[in-house]
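Right, one structure below, let's go through it.
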Amino acid sequence: MKTLYVMVFRSLVPVFVGMLLISVVLFELVYFFGELTRYLDDEEVRAGDYLWVVGLYVPLAVSYASPLSLLFALVFTLSSMYDNQEMTVIHSGGISLVGFGMPILALGFFLSLGTFYFDNFVVTRSERMRNEYFNTVFRRDQVNRSEVVVAVTNEGKRLYIANSFNPETTELKELSIVDKDDIGHVYRRIDAVRAIWDKDRELWRLQQVRIFYYDSDGRVTENQEVIKVDQDINEPVQSFATNNLPIEEMSLSAAYEYLNSLKQRKLPHLDTAVSFHQRFAFPFTALIVSLIGLAMVSRFRQNTLLMGLLASIGIAVVFYIFRLYSGIAGTEGYVPPWLSGWLGTLFFLGVGMLLFFGAPS
1 MKTLYVMVFR
11 SLVPVFVGML
21 LISVVLFELV
31 YFFGELTRYL
41 DDEEVRAGDY
51 LWVVGLYVPL
61 AVSYASPLSL
71 LFALVFTLSS
81 MYDNQEMTVI
91 HSGGISLVGF
101 GMPILALGFF
111 LSLGTFYFDN
121 FVVTRSERMR
131 NEYFNTVFRR
141 DQVNRSEVVV
151 AVTNEGKRLY
161 IANSFNPETT
171 ELKELSIVDK
181 DDIGHVYRRI
191 DAVRAIWDKD
201 RELWRLQQVR
211 IFYYDSDGRV
221 TENQEVIKVD
231 QDINEPVQSF
241 ATNNLPIEEM
251 SLSAAYEYLN
261 SLKQRKLPHL
271 DTAVSFHQRF
281 AFPFTALIVS
291 LIGLAMVSRF
301 RQNTLLMGLL
311 ASIGIAVVFY
321 IFRLYSGIAG
331 TEGYVPPWLS
341 GWLGTLFFLG
351 VGMLLFFGAP
361 S
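If you count the sequence shown from 1, position 230 lands on 230 in my numbering, and the numbers rise without skipping.
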């Protein structure tokens, strides 16, 4: 059995790697030409900057291409073995499809785990870098995404205004804090270039600070400049999260805190919750295509490569469409967000298991 499995993996892995490279190139070309018009319309954008943006898309392309590449490699390898009567010999030797396919399913499972960690430690960072660099190069207006305005604490007597908030590093940039007295007059304003959350002391550390004091007529009475200061500002980090930050660019811990902050502040959060659960469910696509690929090829005795590939791709397309509409159902509130995020994965995982264990040997 060990020799058989080594032979299968020696045939499967090179096809998978080759197909992965081809798929990534195709995804890159689609992205390159999709944004090409924007690049050509902006004469100030340099070719090197545009190519760097395209290059930062590679990790996301790898994530998308991995399940499809595994599906193609699996169907191609097993179809060749059926066409060469190798599978007939294997089954004649008493090895069922289930016994033969277990190491391949193990490969799909470990690839799913690898995809999970790759998505949450590599893709999130590359996407944040790509979007930030893209918006810088093309000078897109990011007010809706980065502006943070929070008017809370002391019954509305303190107003926070920041240009941007990074939930990954819990850092505010260009923060202004406006304090009002009992009758609503502004008596102090604190401006800071940066504010970093100190988890141990549970307060914000302000850097490069200017403090302005105002009289009852609104005139500045005192202007202090402080290079670095710790202010008694302990407003929780969650208060600075807006309801339109891209959760795809956050780590799981930051995404979890961000989602909780939306719930606590009773802001729209269904789409964010669905995306959060989909980040756990999507990596299992590799395991699903392993089940489906093994089952589909074994059901066709003639033209196994063509029929197995078409059937597997057809089911994969249905899976992505099903996942899309289940996500819409969750964002519209028809089903709970956790069920919306996992529905497509659980359904097709069940379908794949039925096809696999019911496949003829």
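We put the CB at the ideal spot given by N, CA and C, even for glycine.
Q | Where the alpha helix (DSSP H) through S23 begins and ends | A | 2-34
Q) Under 7 Å between the Cβ atoms of L294 and F356? A) yes
Q) Taking C-beta to C-beta, are F33 and V54 nearer than 7 Å? A) no
Q: Determine the contact status of G350 and L291, defining contact as a CB-CB distance below 7 Å.
A: no
Q: Express the C-alpha separation of E28 and N131 in angstroms, rounding to a whole number.
A: Roughly 16 Å between the two C-alpha positions.
Q.
For K199 and L172, what's the separation of their Cα atoms in angstroms?
A. Each residue's alpha carbon lies about 14 Å from the other.
Q: Identify whether Y57 lies in helix, strand or coil by the three-state DSSP scheme.
A: coil
Q: Rounded to whole angstroms, what's the CA-CA distance from F217 to H185? Just pull it up for me.
A: It is worth fixing the name first, because residue 217 is Asp in this sequence and not Phe. Going from the Cα of D217 to the Cα of H185 covers about 9 Å.
Q: Would you check if the segment 272-280 and the segment 336-347 touch, i.e. whether three or more CB-CB distances between them fall below 8 Å?
A: Under the three-pair Cβ rule at 8 Å, the segment 336-347 counts as touching the segment 272-280.
Q: For Q207, name the three-state secondary structure that DSSP assigns.
A: strand
Q) Rounded to a whole number of angstroms, what is the C-alpha to C-alpha distance between V178 and I190? A) 7 Å
Q | D141 versus E127: straight-line alpha-carbon distance, rounded | A | Annotation note: pLDDT 43 at D141 (below 50); position unreliable, coordinate value reported separately. Cα to Cα, the separation comes out at about 18 Å.
Q) For K173 and chain D, any beta-carbon pair shorter than 7 Å? A) Considering every chain present, this structure includes no chain D. It has just one protein chain.
Q: With DSSP collapsed to three states, give me the class of Y133.
A: helix
Q: Write down the C-beta distance between A73 and F16 rounded to the nearest angstrom, noting that I regard them as a contact closer than 8 Å.
A: 4 Å
Q. Do you know whose CA, among P268, S326, T345, H91, lies nearest A281's CA?
A. T345
Q) Beta-carbon separation of S63 and L20 under 7 Å? A) no
Q | Nearest residue (CA-CA) to T363, options S253, T88, I313, G18 | A | Look at the range of the chain in this structure, 1 to 361, and you will see that residue 363 is not part of it.
Q) Should T169 and P283 be called a contact, given that it needs their Cβ atoms to be closer than 7 Å? A) no
Q. With a CB to CB cut of under 6 Å and the five nearest residues on each side skipped, what residues in its chain are close to N163?
A. K173, E174
Q. Does DSSP put Y193 in a helix, in a strand, or in coil?
A. The amino acid occupying residue 193 in the given sequence is Val; Tyr does not appear at that position. Three-state DSSP puts V193 in a strand.
Q. Who are the near neighbours of L354 in its chain, counting only those whose CB is closer than 7 Å to its CB and skipping five residues on each side?
A. none
**Q.** Segment limits, beta strand (DSSP E) that includes E174
**A.** First-last of the beta strand (DSSP E) with E174: 171-180.
Q | Alpha-carbon spacing of G18 relative to G101, whole angstroms | A | 22 Å
Q | Burial state of S23 (16 or more Cβ within 10 Å) | A | buried
Q) Quick one: Cα of S112 to Cα of L287, how far? A) Whole-angstrom Cα-Cα distance: 6 Å.
Q | S92 (DSSP reduced to helix, strand or coil) | A | helix
Q: Kindly indicate which three-state DSSP category D198 falls into: helix, strand or coil?
A: strand
(Q) Just to confirm, is the Cβ distance from T77 to L12 under 7 Å? (A) Taking C-beta atoms as the reference points, T77 and L12 count as a pair closer than 7 Å.
Q. Assuming I161 and L203 make a contact with CB atoms under 8 Å, what is their CB distance in whole Å?
A. No, I161 and L203 are not in contact; Cβ-Cβ is about 18 Å, not under 8 Å.
Q | Range of the contiguous alpha helix (DSSP H) that encloses S275 | A | Its alpha helix (DSSP H) spans residues 270-281.
Q: Could you tell me the distance, in whole angstroms, from the CA atom of G314 to the CA atom of D119?
A: 25 Å
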